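Asker: Residue numbers (our numbering): 140 to 294. The beta-carbon is built from N, C-alpha and C at its ideal position, and this holds for glycine as well. Since the model is a prediction, treat every value here as computed from it, not as a measurement. I have a structure I would like to understand better, so I am pasting it below and will then ask my questions one at a time.
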């Protein structure tokens, strides 16, 4: 009888352990939320993407790629002021991050779209400098091309 009770106790402990492991969810990290947001954005679910990027930032407020992606998602929904704010916050958090020149380019593009030529020129110039600092000739060329286009269309 003691062996049967002991067996039931062991089986019970094993069952509880297996159940806990089967129902245990790994906590999501900033990188996981970023990946989820990108997937949602690609699927056209921009509001869901925005929420995922916000969660990534909540998990890691210093995660620059989340700010870039949040800015992109806001831009995809036409929320340009929020887009620019997200990019600027990402730049401020880590001005040396590799994503900074792209965020500056995006600010310039959105500012130009909003007819704020002064900001568009300023951020195109910043992008040129950031790409130069990173020895990224292709980026310098792209930013310079954007700057010429903005200046050409300025009255």
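May I ask you to verify whether the stretch 252-265 touches the stretch 274-281, counting CB pairs closer than 8 Å and requiring at least 3?
Answerer: Counting Cβ pairs under 8 Å, fewer than three are found: no touch.
Asker: With distance defined between alpha-carbon atoms, name the residue in 271, 188 and 247 nearest to residue 260.
Answerer: Ranking 271, 188 and 247 by Cα distance to residue 260 puts 247 first.
Asker: With a threshold of 8 Å, are at least 3 pairs of Cβ atoms found where one atom belongs to the stretch 213-222 and the other to the stretch 230-239?
Answerer: No: fewer than three Cβ pairs fall under 8 Å.
Asker: Let me check understanding here. Comparing Cα to Cα, which of 223, 179 and 236 lies closest to residue 190?
Answerer: The candidate whose alpha carbon is nearest that of residue 190 is 179.
Asker: Write down every uninterrupted run of the alpha helix (DSSP H) in the stretch 188-239 whose length is 4 residues or greater and which is fully enclosed by it, in chain order.
Answerer: As far as the stretch 188-239 is concerned, its whole alpha helix (DSSP H) runs of at least 4 residues are 203-215 and 219-232.
Asker: Just confirm the distance between the C-beta atoms of residue 176 and residue 208, as a whole number of angstroms; I'd bet it's less than 8 Å.
Answerer: Indeed, because the Cβ distance is near 6 Å, the residues count as touching under 8 Å.
Asker: Using a Cβ-Cβ cutoff of less than 7 Å, which residues in the same chain neighbour residue 264 once the five nearest sequence positions on both sides are dropped?
Answerer: Taken in chain order, the residues that qualify are 286.
Asker: Closest to residue 210 by CA distance: which of 166, 197, 237 and 185 is it?
Answerer: The shortest Cα separation from residue 210 among 166, 197, 237 and 185 belongs to 185.
Asker: Would the beta-carbon of residue 219 fall within 8 Å of that of residue 245?
Answerer: No, these two residues do not count as a Cβ contact at 8 Å.
Asker: Taking residue 240 as the reference, which of 200, 204, 221 and 257 has the closest Cα?
Answerer: Answer by Cα proximity: 204.
Asker: In whole angstroms, give me the CA-to-CA distance for residue 271 and residue 224.
Answerer: Residue 271 and residue 224: Cα-Cα distance of roughly 24 Å.
Asker: How close, in whole Å, do the beta carbons of residue 243 and residue 266 come, if the pair is a contact with beta carbons under 8 Å?
Answerer: Contact flag correct, Cβ pair sits at about 4 Å.
Asker: Count the other CB atoms within 10 Å of the CB of residue 269; is the residue buried (16 or more) or exposed (fewer)?
Answerer: So residue 269 counts as buried.
Asker: Whose C-beta lies closer than 7 Å to the C-beta of residue 169 among residues of the same chain, with five residues either side of it excluded?
Answerer: Excluding positions up to five away in sequence, the list reads 195, 198, 199, 202 and 205.
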